[in-house]
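There are 2 protein chains.
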Amino acid sequence: METKLNQYLAEINDTIAHIHYPAAPDGLYEPVRYTLSLGGKRIRPLLTLMGCELFGKHRSEAIAPATAIEIFHNFTLLHDDVMDKAELRRGKPTVHCVWNENTAILSGDVMQIMAYKELSKTPQPYLKEVLNLFSKMAAEICEGQQYDMEFENKTEVSTNDYIMMIRLKTAVLLGCALKIGATIADAPQQDAELLYRFGEDLGLAFQLKDDYLDVYGDSRVFGKKIGGDILNNKKTFMLISALNNADDTTRSELNRWIEKKSFNPEEKISAITRIYNQLGIDRICENEMEKRYRNALKSLQKIQVEEDRKEMLYYLAEQMMKRTV
Amino acid sequence: METKLNQYLAEINDTIAHIHYPAAPDGLYEPVRYTLSLGGKRIRPLLTLMGCELFGKHRSEAIAPATAIEIFHNFTLLHDDVMDKAELRRGKPTVHCVWNENTAILSGDVMQIMAYKELSKTPQPYLKEVLNLFSKMAAEICEGQQYDMEFENKTEVSTNDYIMMIRLKTAVLLGCALKIGATIADAPQQDAELLYRFGEDLGLAFQLKDDYLDVYGDSRVFGKKIGGDILNNKKTFMLISALNNADDTTRSELNRWIEKKSFNPEEKISAITRIYNQLGIDRICENEMEKRYRNALKSLQKIQVEEDRKEMLYYLAEQMMKRTV
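First to last, the protein sequences are chains B and S.
Reminder that position 309 of the first sequence reads as 309 in the working numbering, one-by-one numbering, no gaps.
Whatever position you read off the second sequence (first residue = 1), add 325 for the working numbering.
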């Protein structure tokens, strides 16, 4: 299974490596090349290829929209990093740090256009439908990012609000990636919809896992520093649940840490983690994550295709929840 | 002719007024509504409708891509204003001033997606070709903006460099707007190309006029303050020509004004205008403008369509050069 996955991955990376860039200006296209060469797990384009093969068409039919999705995903990361003033992405300095903010804005803009250029190579009979699915998803991602920014300055955010936000910002892209693959393979409408829901729920579980690992992960395995969200007061599922489940004394303690301007980072991380432990936030988050994951698997099961064709999707979903891919 | 033009304009404005916006989040879509409600001359969508009717199809067939082009044009203005830190656009505060920079980035991003959403409504048989024309133009506009930013920090810029830059940043959009209309009306390839060149040369003439009017315009008629480019040391055709045509003494004087950190604005404007007058930069710019305009008209004449069908395009071009539309 892993060999097969690596084969698909190689095809995606090869396509990305052969994207046509205009000869000039370098100042515009170099940051795009940089962004796309930072790697990443390429999960989204993998899903498009798998969504296509699930319904019996060769994945080569879906390689153009798969590439478009990966370019678009990287564009959102680039602009999000500008908005969040993030300094690192995949362990490397972000575009606005290497170049400058204007370059990051403009190179992001041209990446969005490059994504649509790739998308236009979708086989003709499916072009219009694929375009519509893609643009709907793309607008939803912007909506998710907007909510994410608004939540940072909002005192009352419920876990429902949060799930709504990560659904838009993260999960719909996985659903859409799969559904575009299914569409190109002429999947029945109902199955394409189930596959979308599989991706969406998997995306939610995946993001919750991300929140969880920021607190309870092993930094050697997780690949980024533990506690980053805590230090940034990021309104993750963990923090929101803690604020909602705490008694008045504990909530005050949480808020004191959130409002503190100067503190010892290690101290803040361990204080907040201690509160999470007391409130059982780890279990609450794991339960939510497992619920979404189970829902994802249920949708996949319902798809009217022999079970052995679904093996690769089961495998990828499992790897994602284990976070080794 | 003016009645007919106003009818077309009303149709465009009506379509823009009826664009579908998702119900939420307001924080994302309100700046888009604001941007599109600032008005403007809607020249680009007009060109698309005219390009379509020139070859005998009803303009309603081209209204979707016409709208897409206007949304895209306004998106570029929005992001350019962020990059240039401009405070006013069409006499109103810019989005990043009314809201903030992150909102301006994100609302611009979603406008680009909205443009592609409109574009997807292009009649099916033309969709792929229209998409390709549009994306090529869109990337070129980003390239033009990149050159524009690079030129600001470059000492040696030739007038050829400058023409190349405004071709990308301004002119290709006019050419593309027309060619998309022509494509939808099944124009012969050669005529579509001539129409593109008409738009491109008209766009160059139009931008040169803009540079000229910043110095020699009547602020009551021109609608913006005279001398803005001079105060900002903007490398326009005027300034580049002056630097290239001046003798050493005059060039030093120009450079002294450019490098001065504190000065009386009126004094700087009149000193530089005096240099332009001495060097005959007004005539040089007018000649360049007229050459481009003549080229535009030549391309239009060559198109294999009865002359009376072209009347509206001749009329609009003339109005643009008079700058009353």
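For every residue, glycine included, the Cβ atom is placed at its ideal position computed from N, Cα and C.
If you're wondering where the values come from, they're calculated on a predicted model, not measured in any experiment.
Residue i (DSSP reduced to helix, strand or coil)
| i | result |
| --- | --- |
| S/P356 | helix |
| S/L413 | strand |
| S/P418 | strand |
| B/I19 | coil |
| B/G40 | coil |
| S/D486 | helix |
| B/P125 | helix |
| S/D539 | helix |
| B/I166 | helix |
| S/A464 | helix |
| B/K290 | At residue 290 of chain B the sequence reads Glu, which differs from the Lys that was named. The answer is helix: DSSP assigns B/E290 an H, G or I state. |
| S/P590 | helix |
| B/D80 | helix |
| S/N427 | helix |
| B/S252 | helix |
| S/T392 | helix |
| S/Q398 | This sequence places His at residue 398 of chain S; Gln is not what is there. Three-state DSSP puts S/H398 in a helix. |
| S/Q629 | coil |
| B/D186 | coil |
| B/T273 | helix |
| S/K380 | In the sequence under discussion, the amino acid at residue 380 of chain S is Phe, which differs from the Lys named in the question. DSSP places S/F380 in coil when its eight states are reduced to three. |
| B/D14 | helix |
| B/I226 | coil |
| B/N245 | helix |
| B/G175 | helix |
| B/K322 | helix |
Proximity of residue i and residue j at Cβ, strictly below 8 Å
| i | j | result |
| --- | --- | --- |
| S/I509 | S/M563 | no |
| B/V157 | B/K260 | no |
| B/G199 | B/G175 | yes |
| S/P356 | S/T428 | yes |
| S/I491 | S/L529 | yes |
| S/N557 | S/L604 | no |
| S/R358 | S/I337 | no |
| S/A464 | B/I113 | yes |
| B/D214 | B/C285 | no |
| S/L403 | S/S432 | yes |
| B/V95 | B/T35 | yes |
| B/R44 | B/A177 | yes |
| B/Y116 | S/S460 | yes |
| B/L28 | B/V110 | yes |
| S/F531 | S/M645 | yes |
| S/L568 | S/R576 | yes |
| S/L371 | S/Y333 | yes |
| S/T373 | S/A348 | no |
| S/I600 | S/E578 | yes |
| S/L493 | S/K417 | no |
| S/I466 | B/I105 | no |
| B/A68 | B/C52 | no |
| B/R90 | B/G40 | yes |
Cβ-Cβ separation, residue j to residue i (assumed contact under 8 Å), whole Å
| i | j | result |
| --- | --- | --- |
| B/Y162 | B/I230 | With 8 Å as the limit, B/Y162 and B/I230 do not qualify as a contact, their Cβ atoms being about 16 Å apart. |
| S/M444 | S/A389 | The amino acid occupying residue 444 of chain S in the given sequence is Leu; Met does not appear at that position. With 8 Å as the limit, S/L444 and S/A389 qualify as a contact, their Cβ atoms being about 7 Å apart. |
| B/L54 | B/R309 | 6 Å |
| S/L527 | S/E613 | In fact, because the Cβ distance is near 14 Å, the residues do not count as touching under 8 Å. |
| S/P350 | B/E101 | Their Cβ separation, rounded to whole angstroms, is 24 Å, which puts S/P350 and B/E101 out of contact at 8 Å. |
Contact set between residue i and chain A, taken where Cβ atoms lie within less than 7 Å
| i | result |
| --- | --- |
| S/N427 | The chain labelled as chain A is not found among the protein chains of the depicted structure, namely B and S. |
Closer than 7 Å: residue i CB and nearest the ligand MG heavy atom
| i | result |
| --- | --- |
| S/L641 | In the structure shown, the ligand MG is absent, as is every other ligand, since no ligand is present at all. |
(Q) Beta carbons nearer than 7 Å to chain B: which residues of the region 461-493 of chain S have them? (A) A463, A464, C467, E468, Q470, Q471, Y472, M474, E475
Q: Check whether the region 139-149 of chain B touches the region 112-131 of chain B, counting contact only when three or more Cβ pairs, one atom from each stretch, lie closer than 8 Å.
A: no
Q: Name, going along the chain, the residues of the region 74-88 of chain B whose beta-carbon falls closer than 8 Å to a beta-carbon of chain S.
A: H79, V82, M83
Q) For the 8 Å Cβ check, are there 3 or more pairs between the region 516-523 of chain S and the region 626-645 of chain S? A) yes
Q.
By the 8 Å beta-carbon criterion, what residues does the region 8-38 of chain B contribute toward chain S?
A. P22, A24, P25, G27, L28
Q) Of the residues that make up the region 117-135 of chain B, which ones have a beta carbon closer than 7 Å to any beta carbon in chain S? A) K117, S120, Q124, L127, K128, L131, N132, S135
Q: Using a Cβ-Cβ cut-off of less than 8 Å, give me the residues of the region 497-517 of chain S that come near chain B, in sequence order.
A: none
Q. Of all the residues that make up the region 366-388 of chain S, which are near chain B by a beta-carbon distance shorter than 7 Å?
A. none
Q.
Under 8 Å, CB to CB, which of the residues in the region 568-587 of chain S have a partner in chain B?
A. none
Q: Anything in the region 290-314 of chain B with a Cβ closer than 8 Å to a Cβ of chain S? List those residues in chain order, please.
A: none
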